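Residue numbering for the first sequence follows the numbering used here, starting at 7 and increasing by one per position.
Notes follow once the structure below has been shown.
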Amino acid sequence: MTVISAIRGARDLLPGDLPRWRRAERAAERCFALYGYGEIRTPVLERAELFARQLGEHTELVEKQMYLFADGDGGDTLALRPEATVPTVRAALQSGMHRNLPARLWYRGAMFRRERPQRGRYRQFWQIGAEILGAQSPSADAEQILLTARLWRELGVDGRLRLAVNNLGDGEERARHREKLREHFRANAAEMGEDAARAETNPLRLLESRDAKTAAVARDAPKLSDELGDASRKHSDAVCESLTRAGVAFSQDETLVRGLDYYNLTVFEWSLAGDDRRQNALCGGGRYDGLSQQIGGPPMPGCGFALGLDRLVDLLAEPPRETPDCFLTLTEECAREFAGELAEHCRDAGLTVWRHIGGGNLARQLKKADAAGAKTALIIGSREAAARRVTIKRMSDGDQREAEFAKAPAQIKAAIAGDGVRDGDGDGGNNNDDSVN
RNA sequence: GUGGUUGUAGCUCAGUUGGCAGAGCCCCGGAUUGUGGUUCCGGUGGUCGUGGGUUCGAGUCCCAUCAGCCACCCCA
């Protein structure tokens with residue numbers, strides 16, 4: 007069998023995968039609700055120029071990883087969004103949110119980067135993220151970190167993640183440091199081998215190089231913290247104090263650099279603890295006070311984060327599968343209409359009912375019920391249809407009872423609850439659907 | 001984008017110096033015509049990732065290509 011396959015780095019999420027995805031997404035939704043974030047959905051396609059300048063002309067993302075194409079002859083160059091912070095800020099400005107700040111927004115969606123795929127790195131990948139627009143205060147930064155910490159707790163992965171924070175300073179401080187770094191690496195280029203070339207394009211990255219020689223040179227490189235002025239320091243001190251107060255452990259990591267140019271002051275990253283591999287960043291974010299102006303808007307500070315759903319889901323245990331309350335079997339065609347009627351009646355009462363599709367004798371259908379993990383099998387044949395009754399078989403122990411149409415839901419619930427009452431129409435049983443669980 | 005490695009049934013994998021493509025699980029049927037799970041018996045399912053080449057003969061050797069994974073690089 008040769009079917010046309012999915013393109014490289016794009017994967018299908020199948021029914022067996024999605025319970026974990028939904029668990030992560032629901033937990034995130036709950037957290038966002040707790041902090042008052044509103045959901046936003048922006049187009050997957052944007053003008054390429056929106057990203058080019060904001061993310062940094064010389065970042066690898068913009069130079070090599072964006073999916074670009076011309077929108078018709080002589081049309082605009084469009085890009086599949088590689089991230090969502092820039093589009094979110096764009097949408098906020100376009101819809102006038104900057105007149106009613108602060109705004110808390112969260113999003114969920116597919117992003118696209120043309121990288122060489124690996125586990126945890128896909129060309130179409132999924133992010134959930136959040137932004138606070140119009141808030142200068144360090145408490146906004148802290149709030150977002152606490153939100154993510156809460157999410158990890160809720161999902162039971164908090165023990166496996168560690169938090170690193172850094173302070174990038176304002177644009178001026180950052181530029182000054184970058185230049186000093188370049189000079190430092192240039193001066194020591196002879197000792198660094200191939201890495202030396204990267205000093206010009208991305209000197210910050212050299213600080214965490216794994217090459218021993220480069221690491222040696224990096225050890226006495228100029229520190230960004232030496233460039234920071236009082237305002238920058240006060241901001242990050244306040245963020246750190248909030249974290250400490252809240253009991254969120256973190257490490258200050260001067261080598262923590264975000265890949266996108268728009269960040270300033272606080273940046274943070276959650277990564278998998280005890281794993282030196284590089285594909286271990288689960289969630290990253292920071293402050294971007296200059297972004298709004300860069301895309302033509304008014305001054306509007308902001309901070310946000312994005313988490314990689316593909317990577318997060320990878321950490322989650324398989325939740326127990328969802329099994330139906332009832333699996334409806336049909337032994338004779340003449341009972342089909344009654345069976346359908348009964349199924350709807352049970353669903354009205356909140357029971358999940360899977361109907362057998364296809365033929366086969368009762369044994370075969372019960373096998374299906376067993377394979378589905380059904381709690382009960384509903385057996386309907388000509389006998390039951392004629393009397394408008396149903397045979398309810400509890401799959402765990404084979405206990406069997408009969409019920410008339412009207413009382414079937416209550417009897418099914420009683421059977422599931424393990425209640426021994428079985429004689430007929432629930433005279434001693436509980437007919438109140440809501441009180442039976 | 002660079003280097004490495006893997007690709008055989010729906011899944012997990014065997015397959016010897018080149019000589020008839022296999023196992024377990026899953027699925028289907030029967031033992032059991034209206035009673036599941038366990039067991040027993042039987043069965044379906046393969047262009048051996050794809051395309052070339054070498055050879056009397058290729059799952060096996062060679063080349064190319066696609067895809068997964070690993071390390072770089074980069075990031076969520």
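We put the CB at the ideal spot given by N, CA and C, even for glycine.
Being a predicted model, the structure only gives us computed values, none of them experimental.
Terminal residues of the alpha helix (DSSP H) in which Phe191 lies: Gly177 to Ala193
Identify which residue in Leu111, Ala109, Cys289 and Gly177 has its Cα closest to the Cα of Ala237. Gly177
Please give the ranges of any alpha helix (DSSP H) in the segment 41-125, keeping only runs that are unbroken, at least 4 residues long and fully inside the region. 54-61 and 91-100
What three-state label does DSSP hand Arg428 in the structure shown? Note that Arg428 has pLDDT 49, beneath the 50 cutoff, so the model's placement of it is unreliable and the number below is only indicative. In the structure shown, Arg428 sits in coil (DSSP, three-state: anything other than H, G, I, E or B).
Let me make sure I understand the geometry here. Which of Ala341, Phe344, Arg114 and Cys246 has the alpha-carbon closest to that of Glu149? Cys246
Short of 7 Å in beta carbon distance, which residues of its chain neighbour Leu234, apart from the five on each side in sequence? Order them along the chain. Asn173, Gly175 and Glu179
Under 8 Å Cβ to Cβ from Leu6, same chain only, skipping five residues before and after it: list those, please. Because the chain spans 7 through 443 in this model, residue 6 falls outside it and cannot be assessed.
Opposite Phe131 in the DSSP bridges: which residues? Met117
Report the three-state DSSP secondary structure of Leu139 (helix, strand or coil). strand
Simplified DSSP assignment, three categories, for Ile385: strand
So, under 8 Å CB-CB, Ala400 and Thr382 are touching, yes? Tell me the CB distance rounded to an integer number of Å. Checking the displayed sequence, the identity of residue 400 turns out to be Arg instead of Ala. Rounded, the Cβ-Cβ distance is 6 Å, consistent with contact.
Buried or exposed: which applies to Thr335, given that a residue is buried once 16 or more other Cβ atoms fall within 10 Å of its Cβ? buried
When the Cα atoms are used, what is the spatial distance from Ala414 to Lys373? 22 Å
Should Leu167 and Leu322 be called a contact, given that it needs their Cβ atoms to be closer than 8 Å? no
In angstroms, rounded to a whole number, what distance separates the CA positions of Asp18 and Ala76? 27 Å
Using a Cβ-Cβ cutoff of less than 7 Å, which residues in the same chain neighbour Arg129 once the five nearest sequence positions on both sides are dropped? Arg14, Gly15, Ala16, Phe118, Arg119, Arg120, Glu121 and Pro123
Counting along the chain, where does the beta strand (DSSP E) carrying Val245 start and finish? Careful: Val245 lies outside any beta strand (DSSP E), inside the alpha helix (DSSP H) at Asp236 to Arg251.
Nearest to Gln60 by CA position, among Ser298, Thr358, Arg407 and Ala244, is which residue? Ser298
Would you mind giving the Cβ-Cβ distance between Gln417 and Ile398, rounded to the nearest angstrom? I have them listed as a contact below 8 Å. 6 Å
Could you give the distance in angstroms between the alpha-carbon of Leu384 and the alpha-carbon of Glu328? 18 Å
Every unbroken alpha helix (DSSP H) within the segment 304-352, with a cutoff of 4 residues, ordered by chain: 315-321
Span of the alpha helix (DSSP H) around Ala170: Counting along the chain, Ala170 falls outside any alpha helix (DSSP H), though it belongs to the beta strand (DSSP E) covering Leu167 to Asn173.
Taking only the alpha-carbon atoms, compute the straight-line gap between Asp320 and Gly162 and give it to the nearest angstrom. 13 Å
What three-state label does DSSP hand Val9 in the structure shown? coil
Residues bridged to Thr220 (per DSSP): Partner(s): none; Thr220 has no beta bridge.
Anticipated Cβ contact below 8 Å, Tyr113 with Glu45, distance rounded: 7 Å
C-alpha gap between Glu52 and Ala97, whole angstroms: 11 Å
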